[in-house]
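Okay, so here's the structure we're looking at.
So, in structure tokens, the structure goes:
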């Protein structure tokens, strides 16, 4: 297993918190999404093309999720952890694990009965975008 750094620790913690969340529009899910997207937007150096396509899919997912919500409080990252190099296999592994977990949660919610119908459609779209993001990195 690759050595841990602050980003992977933060991402693992955010992913673990998803196990107890029941609100996919809430802060725990938002933090996990933002941390996962952060891997594609934060680097100071050029990233390989697959990371660029990943980032597009992630930002699309976040935009779709937030559209139509009353976000009276701006959802932002609670920290700005240092990213490992894009070539670090642990980065890719950690991100794909987190995004797969998020995609599964949104797909399950979309197929359930919780929430209004329009929101379940949004969750289905978000799950699809997250699946696209994972596909770019695998």
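In the working numbering, the protein residues as written are 961 to 1098. Even glycine gets a Cβ: it sits at the ideal position worked out from N, Cα and C.
In this structure, 1007 is the residue among 1007, 1064 and 1073 with its C-alpha nearest to the C-alpha of residue 1045. For the 8 Å CB-CB criterion, residue 1090 and residue 1021 form a contact.
Here residue 991 is buried: its Cβ has 16 or more other Cβ atoms, across all protein chains shown, within 10 Å. By the Cβ neighbour-count rule, residue 1071 is exposed, with fewer than 16 other Cβ atoms within 10 Å of its own. Judged by beta-carbon spacing, residue 1023 lies beyond the 8 Å limit of residue 1011, meaning their Cβ atoms are not closer than that value.
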